[in-house]
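Asks:
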Amino acid sequence: MNAVIVAVAVMLILSLLRINVVLSLVLGAFAGGLTSGMGIEATVKSFTEGLGA
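Oh and the sequence shown: position 8 is 8 in UniProt numbering, straight run, nothing missing.
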């Protein structure tokens with residue numbers, strides 16, 4: 001399954017469940033990274049580098 005679709009679906013579901021939007025974005029980013037085949041370390045590194053941009 002496409003990682004982008006998974007990430008957007010996770011963010012949408014969590015937002016509809018009234019979960020904090022920032023938490024939904026973070027969890028969606030991790031879900032997308034892990035679904036795309038990146039490991040946990042690479043996902044965290046990519047996420048933290050993207051926050052500093």
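C-beta atoms are modelled at their ideal positions from N, C-alpha and C, and glycine is treated no differently.
For the stretch 27 to 41 against the stretch 6 to 16, do three or more pairs of beta-carbon atoms, one drawn from each stretch, fall closer than 8 angstroms, so that the two count as touching?
Replies: As far as the Cβ criterion goes, the stretch 27 to 41 touches the stretch 6 to 16, which means the pair count is three or higher.
Asks: To the nearest angstrom, how far is it from the Cα of residue 96 to the Cα of Glu49?
Replies: Only positions 1 to 53 of the chain appear in the structure, and residue 96 is not among them; the question remains open.
Asks: When you compare only the Cα positions, how much space is there between Leu17 and Ile5?
Replies: Their backbone Cα atoms lie some 18 angstroms apart in a straight line.
Asks: What is the rounded straight-line gap between the Cα of Met1 and the Cα of Phe47?
Replies: One C-alpha to the other measures close to 21 angstroms.
Asks: According to the Cβ coordinates, are Ala7 and Gly32 closer than 9 angstroms?
Replies: For Ala7 and Gly32, yes; Cβs fall inside 9 angstroms.
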